[in-house]
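A quick write-up on the structure given underneath.
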Amino acid sequence: MFWTSYLLAVLALILAWPVPVLLSRAQWPARSPFTAMVLWQAIALAGGLSMIGAMLVYGLEPIGDNLIAGLKSLAGMVFNNEPTTELGFWHLFALSAAALLTAHLVFTLLLTYYKIERQRRRHRELLALLASPSDDGPGTVVINHDSPVAYCLPGGARSVTVLSDGLMAALEPAELRAVLIHENAHLSQRHDLLLWAFAAWRQALPWFPTTRLAQTAVNSLIEMLADDVALRTESKGTLIKAIAIVASGSSQPALGGQVPRGQVSHGQAFSGSQELAGGQGLSVGGAVVEGNAVSATGGADSPRTTASRVSRLLSPKPPLPKPVRVMVLLASALLLAVPTALLIVPGLLG
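Residue numbers for the sequence shown follow the numbering used here, so the first one is 32 and each next one is one higher.
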């Protein structure tokens, strides 16, 4: 397992820095956001698996010829009080680091989910008091606010799209349909799960620059995916105008109140009135984003993302050719298959 641990470590380093940096600077993801989204997920999963796997395999190397044998020997040491003399200091250190990192990632994922659910519950309570049902369809409510505001609050059967009076007064019927389709796309495609995973990854490893790059890229890609759904029935001009009107809205909270540092998003806002990470606090729909905090009412969009969306619509480029998309998807599958095979196939590299 000696070479396996080093190969996994090299793969983890590559996926932790050069690959995310290059992908975040690439122009092609805007042409095929779904393909890029799959690749980002593969990079995150394969990177984490390689990082933990490298430490685990290195730590088990003296007591097993493969991962399964090593884990069995380790279990015997732990549960049967067998001596650990075969394990040196660095092997024990690697095993401890692998266990701590795994626990940290899982704990942060669960803690992030808890914060999200708590904020959603509080926000639903506010909406129950301040919002009224909309005539635009079930699951849509209207809040009394002059600024154009639109966002969705995921929650399975309790999912809701929130519009403001100001938005409905400012938009033409076709533009309002585009907004509703966009928000419903976020809900139906469960973009909140992607935001949850990447927000948790960043919260777990905030000192890791690539976690910020990944989260920013995913935020942008889900907006593009929702835009593409809206474009199936509405024109580009209609969607661009709707984005511009919502982006021009005031930054005053629609429901009042602020969110302290460390809170996490649980929905998506239609247009760029919020920053997901860094910068000054901005607000929409009753939440403020400060520093590394993330909006409580769902803004996955930022001014930079809004500019990218509008630029993409004004100067459209053809999607990636199908063979290229297939190659990227195969590469994504390979990224997951390689560390998995190295870990579970006995004696693959010795």
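Every residue gets a Cβ at the ideal spot worked out from N, C-alpha and C, and that includes glycine.
For the beta strand (DSSP E) containing A57, name the first residue and the last one. A57 -> no beta strand (DSSP E), and no H or E assigned at all.
* For V180, count neighbouring C-beta atoms within 10 Å of its own C-beta (all shown protein chains included) and say buried if the count is 16 or more, exposed if not. => The residue in question, V180, is buried, as its Cβ has 16 or more Cβ neighbours within 10 Å.
Reduced DSSP secondary structure (H/G/I, E/B, other) of T66
Secondary structure at T66: helix, using DSSP grouped into helix, strand and coil.
Hey, would you say T264 sits closer than 7 Å to P51, going by beta carbons? The answer is no: Cβ separation not under 7 Å.
### Length of the line joining the Cα atoms of L157 and L80
One C-alpha to the other measures close to 40 Å.
**OP:** List the endpoints of the continuous beta strand (DSSP E) containing V180.
**Re:** For V180, there is no enclosing beta strand (DSSP E), since its DSSP letter is neither H nor E.
Other residues of its chain near M82: CB distance less than 6 Å, five sequence neighbours each side excluded: Excluding sequence neighbours, M82 sits near A43.
Problem set entry | Counted within 10 angstroms of its Cβ, other Cβ atoms place R189 as buried (16 or more) or exposed | Per the 10 Å Cβ criterion, exposed.
* What is the DSSP secondary structure of P164, counted as helix, strand or coil? -> P164 falls in the strand class under three-state DSSP.
Among the candidates L39, W59, L53 and G186, whose CA atom is the shortest distance from the CA of P349?
The residue from L39, W59, L53 and G186 with its alpha-carbon nearest to that of P349 is W59.
- Query: Fully enclosed by the segment 114-173, which alpha helix (DSSP H) runs are 4 residues long or longer?
  - Reply: Counting only runs of at least 4 residues, the segment 114-173 fully encloses the following alpha helix (DSSP H) elements, listed from N- to C-terminal order: 120-161.
For this session: Return the chain-ordered list of same chain residues with a C-beta closer than 8 Å to the C-beta of G186, the five sequence neighbours on each side being excluded.
Result: Listed in chain order, the non-local C-beta contacts of G186 below 8 Å within the same chain comprise R151 and R155, local neighbours out to five positions each way being set aside.
Does the distance from the C-beta atom of A273 to that of A209 stay below 7 Å? Yes, the pair counts as a contact, with Cβ atoms nearer than the cut-off.
Based on Cα-Cα distance, which residue from D259, L136, L98 and V88 lies nearest to H122? The shortest Cα separation from H122 among D259, L136, L98 and V88 belongs to V88.
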